[in-house]
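Participant: What follows is a structure written as structure tokens; I'll ask about it next.
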Amino acid sequence: MDKISIALSRWYNTKNYLFPWREDSSAYSVWISEIMLQQTQVSTATPYFKSWMNKFPCVKSVATAQIDDILKTWEGLGYYQRAHNIFFTAQTIINKYKGVFPKTYDELIQLKGVGDYTASAIMSISYNKPYPSIDGNLKRVIARLYGINDFKTIVEQSKKHISILMIYTNPSIINQSLMDLGREVCTPKNPKCIICPINTFCIGFNNNLIEKFSIKPTSKKIPIFDVSVGLIIQNNNILISKRKKEGLLGGLWELPGGKLVASESFKKCLKREVLEELDIKIKIINEIGTIKHQYSHFKINMRGFKCKIKSGSPKPLVSDGIKWINFNEIKNYAFPKATLKLFNIVDND
Ligand code: SF4
Numbered sequence: 001m002d003k004i005s006i007a008l009s010r011w012y013n014t015k016n017y018l019f020p021w022r023e024d025s026s027a028y029s030v031w032i033s034e035i036m037l038q039q040t041q042v043s044t045a046t047p048y049f050k051s052w053m054n055k056f057p058c059v060k061s062v063a064t065a066q067i068d069d070i071l072k073t074w075e076g077l078g079y080y081q082r083a084h085n086i087f088f089t090a091q092t093i094i095n096k097y098k099g100v101f102p103k104t105y106d107e108l109i110q111l112k113g114v115g116d117y118t119a120s121a122i123m124s125i126s127y128n129k130p131y132p133s134i135d136g137n138l139k140r141v142i143a144r145l146y147g148i149n150d151f152k153t154i155v156e157q158s159k160k161h162i163s164i165l166m167i168y169t170n171p172s173i174i175n176q177s178l179m180d181l182g183r184e185v186c187t188p189k190n191p192k193c194i195i196c197p198i199n200t201f202c203i204g205f206n207n208n209l210i211e212k213f214s215i216k217p218t219s220k221k222i223p224i225f226d227v228s229v230g231l232i233i234q235n236n237n238i239l240i241s242k243r244k245k246e247g248l249l250g251g252l253w254e255l256p257g258g259k260l261v262a263s264e265s266f267k268k269c270l271k272r273e274v275l276e277e278l279d280i281k282i283k284i285i286n287e288i289g290t291i292k293h294q295y296s297h298f299k300i301n302m303r304g305f306k307c308k309i310k311s312g313s314p315k316p317l318v319s320d321g322i323k324w325i326n327f328n329e330i331k332n333y334a335f336p337k338a339t340l341k342l343f344n345i346v347d348n349d
């Protein structure tokens, strides 16, 4: 028996990290949790997973839901294309697979939004088959453990090593123990090697070469955009517009407006954007304030203005629809986080 497999398995059973998605290892539960956990911390994903499962306890409940309801449940989790893909894939499972989750890797990988990582997680955790799920955490652990510094081949090498570990112990436990180890012990900075269950076998630790075998994160400069939006008010209602399904924040509702170009002022930008998006001219009443928000690849400074229509009748020229809603109805629609922040500073007088 492989000693690393045994050590990992013992540690996994002792630590017993209790996440809601570990209460049920069905393919549906693993699929939803793994999609939520992409680019998202466990602590952030946990409440979303619970409310998702309360609302959509099975594939059929997703396939028959309204996309707006799905987006509302996803609101604030980001990367909204993931929610669209879940909706699409649930329908595929109902229509093509008669409601039964596919059981092979080749079928899983064909599902929209399901990549190698998620397909392997379902295969190993739900079906206990030897498919390693390689993400950043696992690559880091494997590179340090086996002393790998050829990071170009780290995915293949990780798969090779983990596949061997899976021969000796339950693939589900190996995958999940490595996920837990990478998240809790073998962290990018200051790994807790002293308490690591596999430190005896770790080439990086035992040769004092952890730095050498650590994959360096690529630091990119995040651009900052100035954005101007309008709270267009008429008869105590405000005008909201639905973003196109494709693209960033697809399918979410937002306030009309957009990015400043060149040396444009916030007010000038808003008037131009509203004319382009809705074919109306507006009169700006007053400024609401400015909020800052960081998305994954950029930051925005969003300034909002209360406005009223000066001329024209709004038409959805570049969106998937517009609506007049009362302030009390905001909670019924899914908005990007930045817009929700702006709503919070609106003075309703
Ligand atoms: Fe990571 Fe340290 Fe454990 Fe090696 S001993 S796997 S570097 S935590």
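Heads up: the sequence shown runs through residues 1 to 349, numbered per our numbering. All C-beta atoms, glycine included, are put in the ideal place defined by N, C-alpha and C.
For N328, is the beta carbon positioned less than 7 Å from some heavy atom of ligand 1?
Facilitator: no
Participant: To the nearest angstrom, how far is the alpha carbon of L329 from that of D116?
Facilitator: Residue identity differs from the one stated: residue 329 is Glu in this sequence, not Leu. Roughly 40 Å separates the two Cα atoms.
Participant: Using a Cβ-Cβ cutoff of less than 7 Å, which residues in the same chain neighbour I122 once the five nearest sequence positions on both sides are dropped?
Facilitator: A27, V30, W31, L108
Participant: Which runs of the alpha helix (DSSP H) fall wholly inside the stretch 109-164 and span at least 4 residues, in chain order?
Facilitator: 116-121, 136-146
Participant: Please report the straight-line C-alpha distance between L249 and I203, rounded to a whole angstrom.
Facilitator: 44 Å
Participant: Go ahead and pull the three-state DSSP assignment for I280.
Facilitator: Collapsing the DSSP output to three states places I280 in coil.
Participant: Excluding the 5 residues preceding and the 5 following I174 in the sequence, name in chain order all residues of the same chain whose CB lies nearer than 7 Å to its CB.
Facilitator: S5, L8, I162, L165, M166
Participant: Taking the straight line between their C-alpha atoms, what separation do you get for P239 and F327?
Facilitator: The sequence shown places Leu at residue 239, rather than the Pro named in the question. Looking at the two C-alpha atoms, the distance is approximately 10 Å.
Participant: Could you tell me whether any non-hydrogen atom of ligand 1 is closer than 7 Å to the CB of K212?
Facilitator: no
Participant: Please say whether A90 and V114 have beta carbons closer to each other than 8 Å?
Facilitator: no
Participant: For ligand 1, which residues count as neighbours when the test is a C-beta closer than 7 Å to any heavy atom?
Facilitator: V141, R144, L145, L181, V185, C186, P191, K192, C193, C196, I198, N199, C202, G204, F205, I210
Participant: So, helix, strand or coil for E184, using DSSP?
Facilitator: helix
Participant: Exposed or buried, F265, counting other C-beta atoms within 10 Å across all chains shown (16 or more means buried)?
Facilitator: Correcting the residue type first, residue 265 is Ser in the shown sequence and not Phe. Flag for S265 reads exposed.
Participant: Under 8 Å, with one C-beta from each stretch per pair, do the stretch 68-77 and the stretch 330-348 reach the 3-pair mark?
Facilitator: yes
Participant: Just how far apart, CA to CA, sit S311 and Y17?
Facilitator: Rounded to whole angstroms, the gap between the alpha carbons of S311 and Y17 is 60 Å.
Participant: Going by DSSP, what residue range makes up the alpha helix (DSSP H) through W52?
Facilitator: 42-55
Participant: Start and end of the alpha helix (DSSP H) containing G204?
Facilitator: 203-206
Participant: Relative to the C-alpha of L255, which residue among T218, K220, I325 is closest?
Facilitator: I325
Participant: Have a look at F225 and L342 and give me their C-alpha separation to the nearest angstrom.
Facilitator: Note on geometry: alpha-carbon atoms of F225 and L342 lie some 16 Å from one another.
Participant: Can you list, in chain order, the stretches of the beta strand (DSSP E) that have 3 or more residues and sit fully within the stretch 249-311?
Facilitator: Listed in chain order, they are 257-259, 281-294, 299-311.
Participant: Just how far apart, CA to CA, sit N199 and F298?
Facilitator: Distance between the alpha carbons of N199 and F298 is about 38 Å.
Participant: Skipping 5 residues on each side, what residues in its chain have a beta carbon closer than 7 Å to that of Y338?
Facilitator: Looking at the sequence itself, residue 338 is Ala, so the reference to Tyr does not match. Once the five neighbours on either side are set aside, the close Cβ partners of A338 are I291, H293, I300, M302.
Participant: Using a Cβ-Cβ cutoff of less than 8 Å, which residues in the same chain neighbour K271 once the five nearest sequence positions on both sides are dropped?
Facilitator: Correct list, in chain order: K281, I282, I284.
Participant: Straight-line CA distance for Y105 to I195?
Facilitator: 35 Å
Participant: Report the three-state DSSP secondary structure of S241 (helix, strand or coil).
Facilitator: strand
Participant: What are the boundary residues of the alpha helix (DSSP H) that includes W11?
Facilitator: 3-15
Participant: In the DSSP assignment, the alpha helix (DSSP H) including N326 goes from what residue to what residue?
Facilitator: Per DSSP, N326 belongs to no alpha helix (DSSP H); it is in the beta strand (DSSP E), 322-326.
Participant: Can you give the Cα-Cα distance for E277 and K259, rounded to whole angstroms?
Facilitator: 13 Å
Participant: What do you reckon, are the CB atoms on L178 and L138 nearer than 8 Å?
Facilitator: yes
Participant: For T169, which residues in the same chain have their Cβ closer than 6 Å to its Cβ, ignoring the five residues on either side in sequence?
Facilitator: S5, S9
Participant: Which value, in whole angstroms, describes the spacing of the CA atoms of D347 and E287?
Facilitator: 10 Å
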